[in-house]
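Trainee:
Number of protein chains: 2
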Amino acid sequence: MGNKNISMAVIRRLPKYYRYLADLLSKDVQRISSKELSEIIGFTASQIRQDLNNFGGFGQQGYGYNVEALHKEIGKILGLDRKYRAILIGAGNLGQALTNYTGFRLAGFETIAVFDANPKMIGLKIRDFEIMDSDNVEEFVRENDVDIAIVCIPKNGAQLVADKLVRAGIKGIWNFAPIDLEVPSDIIVENVNLTESLFTLSYLMKENLEG
Amino acid sequence: MGNKNISMAVIRRLPKYYRYLADLLSKDVQRISSKELSEIIGFTASQIRQDLNNFGGFGQQGYGYNVEALHKEIGKILGLDRKYRAILIGAGNLGQALTNYTGFRLAGFETIAVFDANPKMIGLKIRDFEIMDSDNVEEFVRENDVDIAIVCIPKNGAQLVADKLVRAGIKGIWNFAPIDLEVPSDIIVENVNLTESLFTLSYLMKENLEG
DNA sequence: TAGATTGTTAATCGATTAACAATC
DNA sequence: TAGATTGTTAATCGATTAACAATC
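In order, the protein sequence lines correspond to chains A and B. Sequential numbering from 1 applies to the first sequence in our numbering. Sequential numbering from 1001 applies to the second sequence in our numbering.
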């Protein structure tokens, strides 16, 4: 049962709800009204109620929301109760950082292999992973149950790797290459584009300095 | 002369225009119409014309846009012709990756110092930088001309560091800590929240699998 | 019960798209 | 000139906010 059309604007607010609810939970806050939450999270109370009601009536009139229950519900909505098997492609600086990134496991993602195209890297170890040859990634995805690929390679090779992954049956890509990958519409791509973020910062800095 | 109110939606599309125009330029394409650009970038032609006209009339009726000129103009709008002096705080995996990230210099950002709180890290070298003690960051910002700080530390210490930076007169923060920093409204904060990105991917994967 | 706060409908606002006169 | 395409105004669409009846 996929949900009726939830807009990306709503979806991208969900992790924020989850995070603020976890904070409240760690402070032993039992319940919270949309008004109180609005004050700490910075969305309007109205928006909070609208957002949550896309997924169900989690609150109670006159009471508000139970923090623990809501936190758990949003976790479920985000799919954090699931396990996804991931491979990482591109064991450069960023790739290594992500391999060691613990938030990854907390979200239910488990890295099962690491690949690189550089012969000097192949065979070296990152955490428990012996770096494998990128040439074998298609075969590996075919023969193992891989849900997502984390793509951390320069933009030149990225589309080619994406094509391989798609052929091998990958379901999602967490893409750090500064390029818009072209994939069939049933493959999920979530981009983290540091260049775009940096350019945005540059723009805002410039505007701010000029007044 | 700051621009009339440009929405964030428009601003976040600018880096994409810049990137696609660079691609066209590298393919020696001289001119392009909003319709042609729309086909490769995936925005509507109407939106492209609206977006660009926020900043000036860069096109010519009956002709379209000169690729090189437009690319250059957007670079200027993004402030890529400027120099910003940056420090990096938190020399862990991600911090090291960013220190070595070349796109950074291409955008006009120059790293001038690297800090870490871990005594075992202090004194070690990353690229040309001897890692300095985070305790000295406030003093350093005060005494040197620092425009932005790249914050790559765990969320616990992040607000405290941000407070120090603000006191010392920082103008912008590129924030990788998974927390919403509270800073005065004249300080620019650009967030890169890997956890939120990952949770979004998890949500979309789940929805996709469930149909 | 009275007070509080949700869930939900209606109103507003802003962003996107369509249309077309201006003009190269 | 005729054709193409912009710049810009108007129309549409979608997202946010306001309002309030339902109800705990």
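For each residue, glycine too, the CB sits at the ideal point set by N, CA and C. Given the structure is predicted, the values throughout are model-derived calculations rather than measurements.
1) So does E68/A have its beta carbon nearer than 8 Å to some heavy atom of the ligand NAD?
2) Strictly below 8 Å CB to CB, what residues from chain A border Y1018/B?
3) T99/A bridges to which residues according to DSSP?
4) Spatial neighbours of K155/A within its chain, please: CB distance less than 6 Å, with the 5 preceding and 5 following residues excluded, ordered by chain position.
5) Identify each residue in the region 1082-1116 of chain B for which the Cβ-Cβ distance to at least one residue of chain A is less than 9 Å, and report them in chain order.
6) Of all Cβ atoms in chain A, is any one closer than 9 Å to the Cβ of S1026/B?
7) Alpha helix (DSSP H) containing V10/A: first to last residue?
8) Within the 9 Å Cβ cut-off, does K125/A reach chain B?
9) Quick check: what's the CA-CA separation for T200/A versus L1014/B?
10) Using a Cβ-Cβ cut-off of 9 Å, state whether E1039/B counts as contacting chain A.
11) Sort R19/A, L21/A, L160/A and T111/A by Cα distance to I87/A and report the nearest one.
12) Going by C-alpha distance, which of Q1096/B, L1106/B, D1135/B and S1134/B is nearest K1125/B?
13) Is the beta carbon of I1032/B sitting closer than 9 Å to the one on G1064/B?
14) Name the two residues that bound the continuous beta strand (DSSP E) containing T1111/B.
15) Strictly by DSSP, which residues pair up with R1085/B?
16) Could you check which residue in S197/A, L21/A and L204/A has the C-alpha nearest to that of N231/A?
17) Can you find a C-beta in chain A that's less than 9 Å from the C-beta of S1202/B?
18) When you compare the region 192-199 of chain A with the region 1182-1201 of chain B, are there three or more beta-carbon pairs, one atom per stretch, that lie closer than 8 Å?
19) Should D259/A go down as buried or exposed, given a rule of 16 or more other Cβ atoms within 10 Å for buried?
20) Can you tell me which of the three DSSP states A1149/B falls into?
21) Applying a beta-carbon distance threshold of less than 9 Å, which residues of chain B neighbour K120/A?
22) Quick check on D145/A - is its C-beta less than 9 Å from some C-beta in chain B?
23) For F199/A, which of helix, strand or coil comes out of DSSP?
24) Does any residue of chain A bring its CB to less than 9 Å from the CB of T1044/B?
25) Measure from the C-beta of L209/A to each C-beta in chain B and report whether the shortest distance is under 9 Å.
26) Flag P1178/B as yes if its beta-carbon sits less than 9 Å from any beta-carbon of chain A, otherwise no.
27) With DSSP as the reference, label I1077/B as helix, strand or coil.
28) Below 7 Å CB to CB, which residues in the same chain sit around A1068/B once its five sequence neighbours on both sides are set aside?
29) Under 9 Å between C-beta atoms, does P1184/B make it to chain A?
Mentor: Taking the geometry as given:
1) Ligands are entirely absent from the displayed structure, and the ligand NAD is therefore not among its contents.
2) On the second sequence, position 18 is the one that residue 1018/B refers to. Those within 8 Å of Y1018/B in chain A are F199.
3) One-based indexing of the first sequence puts residue 99/A at position 99. Answer is none; T99/A lacks a bridge partner.
4) Counting from 1 along the first sequence, the entry for residue 155/A is found at position 155. Cβ neighbours of K155/A beyond the five flanking positions: A177, P178 and I179.
5) R1082, Y1084, G1092, N1093, L1094, G1095, Q1096, A1097, L1098, T1099, N1100, Y1101, G1103, F1104, L1106, A1107, G1108 and F1109
6) Counting from 1 along the second sequence, the entry for residue 1026/B is found at position 26. So no, S1026/B is outside the interface.
7) For this step, residue 10/A is matched to residue 10 along the first sequence. First-last of the alpha helix (DSSP H) with V10/A: M8 to S26.
8) Along the first sequence, read from residue 1 onward, the residue named residue 125/A stands at position 125. No - not a single Cβ of chain B is within 9 Å of the one on K125/A.
9) In the first sequence, residue 200/A corresponds to position 200, counting from 1. In the second sequence, residue 1014/B corresponds to position 14, counting from 1. Approximately 8 Å between the Cα atoms of the pair.
10) What you label residue 1039/B is simply residue 39 of the second sequence in a count that begins at 1. Chain A contact via Cβ: absent.
11) As a first step, residue 87/A must be located in the first sequence, where it is residue number 87. Nearest of R19/A, L21/A, L160/A and T111/A to I87/A, Cα basis: T111/A.
12) Within the second sequence, the letter at position 125 stands for residue 1125/B. Minimum Cα distance to K1125/B is reached at Q1096/B.
13) For the purposes of this step, residue 1032/B is identified with residue 32 of the second sequence, where counting begins at 1. For the purposes of this step, residue 1064/B is identified with residue 64 of the second sequence, where counting begins at 1. Taking 9 Å as the Cβ cut-off, I1032/B and G1064/B qualify as a contacting pair.
14) Start at 1 with the first residue of the second sequence, and residue 1111/B comes out as number 111. Where T1111/B is concerned, the enclosing beta strand (DSSP E) stretches over F1109 to D1116.
15) Here residue 1085/B refers to the residue found at position 85 when the second sequence is read from its first residue. R1085/B pairs with E1110/B.
16) As displayed, chain A neither begins before 1 nor continues past 211, which places residue 231/A out of reach and without an answer.
17) Counting from one through the second sequence, the residue named residue 1202/B turns up at place 202. Closer than 9 Å: yes.
18) yes
19) Chain A is shown only over 1 to 211; residue 259/A falls outside these bounds and no answer can be derived.
20) Position 149 of the second sequence, counted from the first residue, corresponds to residue 1149/B. Reduced to three states, the DSSP call for A1149/B is strand.
21) For this step, residue 120/A is matched to residue 120 along the first sequence. Near K120/A there are no residues of chain B at all, since even the closest Cβ is about 16 Å away, more than 9 Å.
22) The residue labelled residue 145/A in the question sits at position 145 within the first sequence. So no, D145/A is outside the interface.
23) Taking the first sequence and counting its residues from 1, the one referred to as residue 199/A is at position 199. It is helical.
24) Numbered from its first residue, the second sequence carries residue 1044/B at position 44. By this cut-off, T1044/B is not an interface position.
25) The sequence position of residue 209/A within the first sequence is 209, counting from 1. Closer than 9 Å: yes.
26) Locating residue 1178/B in the second sequence gives position 178, counting from the first residue. True, the Cβ-Cβ gap to chain A drops below 9 Å.
27) Here residue 1077/B refers to the residue found at position 77 of the second sequence. Helix at I1077/B.
28) Against the second sequence, residue 1068/B aligns to sequence position 68. The question names Ala, but residue 1068/B in the sequence shown is Glu. L1025.
29) Walking along the second sequence from the start, residue 1184/B turns up at place 184. No, P1184/B lies away from the interface with chain A (no Cβ there is under 9 Å from its Cβ).
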